[in-house]
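Asks:
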Amino acid sequence: MITKFMTEVTAKFNPFSTCAKPARLFLTFLPPDVRMNGTAVHTSLLPRNSPESSSLKVKFKDGKEMDFNCSKINIKGLVEEVDRHSRQLQKAADLSE
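If you're matching positions, the sequence shown starts at 27 in this note's numbering and goes up one per residue.
#1: Can you round the beta-carbon distance between F55 and M27 to whole angstroms, since I take them to be within the 8 Å contact cut?
#2: Where in the region 30-73 do unbroken runs of the beta strand (DSSP E), each at least 3 residues long, occur, reported from the N-terminal end onward?
#3: What's the gap between the Cα of R61 and the Cα of R113?
#4: Out of K87, K85, A49, D120, which one is the CA nearest neighbour of S79?
#5: Where DSSP assigns a beta bridge to E91, which residues make up the other side?
Pasting the structure below:
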């Protein structure tokens, strides 16, 4: 997963819920030094009986924000969407050099 163009990752999930799995797995896909490279990572844990659904927000350097409802998307789809935009930014950066 290309994390070079991410500026902020915000995950909100109930750790006891099954729909929190994509958000938790996405956080594990981030490299350990992602914070040192300028990406802000925020996590919020919801209480066990919270009716609110798990969500994940990703902001990129070009200003685009992606907001995902984790109960409607799996980890494969989540990574594909984020990588698709990251590859577009990588291609634009390569062409501008």
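C-beta atoms are modelled at their ideal positions from N, C-alpha and C, and glycine is treated no differently.
Just so we're clear, the structure is a prediction, and the values are computed from it rather than from any experiment.
Replies: A quick look at the data gives this:
#1: Translated into the one-based positions of the sequence shown, residue 55 becomes position 29. Translated into the one-based positions of the sequence shown, residue 27 becomes position 1. That pair is a contact at about 5 Å.
#2: Runs of the beta strand (DSSP E) inside the region 30-73: 32-39, 66-71.
#3: The count along the sequence shown starts at 1 and reaches residue 61 at position 35. The count along the sequence shown starts at 1 and reaches residue 113 at position 87. So the alpha carbons of these two residues sit roughly 20 Å apart.
#4: Here the question's residue 79 lines up with position 53 in the sequence shown. Among K87, K85, A49, D120, the Cα nearest to that of S79 is on A49.
#5: Within the sequence shown, residue 91 is the residue found at index 65, counting from 1. DSSP, once it has assigned bridges, lists K85 as partnering E91.
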